[in-house]
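Worksheet: one structure, shown below.
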Amino acid sequence: MKKMFILSIALVLGLVACGAPTTTPTTEAPAQTETSTTEAPTSTEAPTTTKAPVTTTTKAPTTTTTTQPEPQFTLSEENAIRSAESYLEYTAFSRSGLIDQLEYEGFTTAEATLAVDYLNVDWNEQAWKSAESYLEYSAFSRSGLIDQLEYEGFTTEQATYGVDKTGL
């Protein structure tokens with residue numbers, strides 16, 4: 548008999564865990580005395596079925612970001628980059644003018660070009676700074692200053708931008 552009772556409980560628990568409907572027995576409240584003014588319920592019922600709550604899962608979108616590893620440079624390339632940065636800190640250069648300067652220092656054309664291209668320089672701004680510098684020390688016509696900037700290696704568009712920005 549004991550095994551049968553345990554088996555019955557296991558079956559009921561298994562059904563409840565699986566979400567199957569189960570019924571529970573009703574119990575009656577004790578009888579009320581005649582002096583009572585309120586009526587007690589005649590039975591207490593538990594819900595006849597048990598359902599697991601419905602849940603929804605919203606999966607957040609996944610994004611994969613990969614960072615590019617920092618490029619590995621030779622010591623000479625690193626020095627060319629540092630030298631180019633140093634030049635740009637105190638004076639304005641065109642792209643070709645900065646490459647020429649680095650080559651004059653002894654860097655190869657490949658090292659100088661790599662360094663200048665690595666820096667992400669705004670060449671229009673460099674043309675403007677160069678034009679400003681010329682106007683501090685000398686008088687130029689608009690076309691003369693554009694010609695000077697082109698001679699330094701700025702493109703016509705860069706030179707024109709730089710001169711326009713000076714107000715000349």
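Each residue of the sequence shown is one higher than the one before, starting from 548 at the first, in our numbering. Think of the CB as a built atom: it goes at the ideal place given N, C-alpha and C, for glycine as much as any other residue. As the structure is a computational prediction, the values presented were derived from the model and not from experiment.
Would you mind working out which of Pro618, Glu658, Arg642, Thr702 sits nearest Asn626, comparing C-alpha positions? For the purposes of this step, residue 626 is taken as the residue at position 79 of the sequence shown. Minimum Cα distance to Asn626 is reached at Glu658.
Exposed or buried, Leu666, counting other C-beta atoms within 10 Å across all chains shown (16 or more means buried)? Counting from one through the sequence shown, the residue named residue 666 turns up at place 119. Leu666 should be labelled exposed.
In whole angstroms, what is the alpha-carbon distance linking Tyr708 and Asp647? Here residue 708 refers to the residue found at position 161 when the sequence shown is read from its first residue. Here residue 647 refers to the residue found at position 100 when the sequence shown is read from its first residue. Between the C-alpha atoms of Tyr708 and Asp647 there is a straight-line separation of about 22 Å.
Please indicate yes or no: does the CB of Gln648 lie closer than 7 Å to some heavy atom of the ligand MG? Of the ligands one can find in the structure shown there are none, so the ligand MG has no counterpart to examine.
Are the beta-carbon atoms of Tyr634 and Leu622 separated by less than 8 Å? Within the sequence shown, the letter at position 87 stands for residue 634. Within the sequence shown, the letter at position 75 stands for residue 622. The answer is no: Cβ separation not under 8 Å.
Is it right to say Gln705 is buried, meaning 16 or more other beta carbons lie within 10 angstroms of its own, or is it exposed? The count along the sequence shown starts at 1 and reaches residue 705 at position 158. Gln705 is buried by the Cβ-count criterion.
Starting from Asp647, trace the alpha helix (DSSP H) both ways and give me its first and last residue. Taking the first residue of the sequence shown as 1, we reach residue 647 at position 100. Element bounds for Asp647: 642-651.
Figure out for me which residue from Thr702, Trp675, Gln695 has the closest Cα to the Cα of Gly714. On the sequence shown, position 167 is the one that residue 714 refers to. Comparing alpha carbon positions, the residue from Thr702, Trp675, Gln695 closest to Gly714 is Trp675.
Opening and closing residue of the alpha helix (DSSP H) in which Asn671 lies: Taking the sequence shown and counting its residues from 1, one reaches residue 671 at position 124. Its alpha helix (DSSP H) spans residues 670-684.
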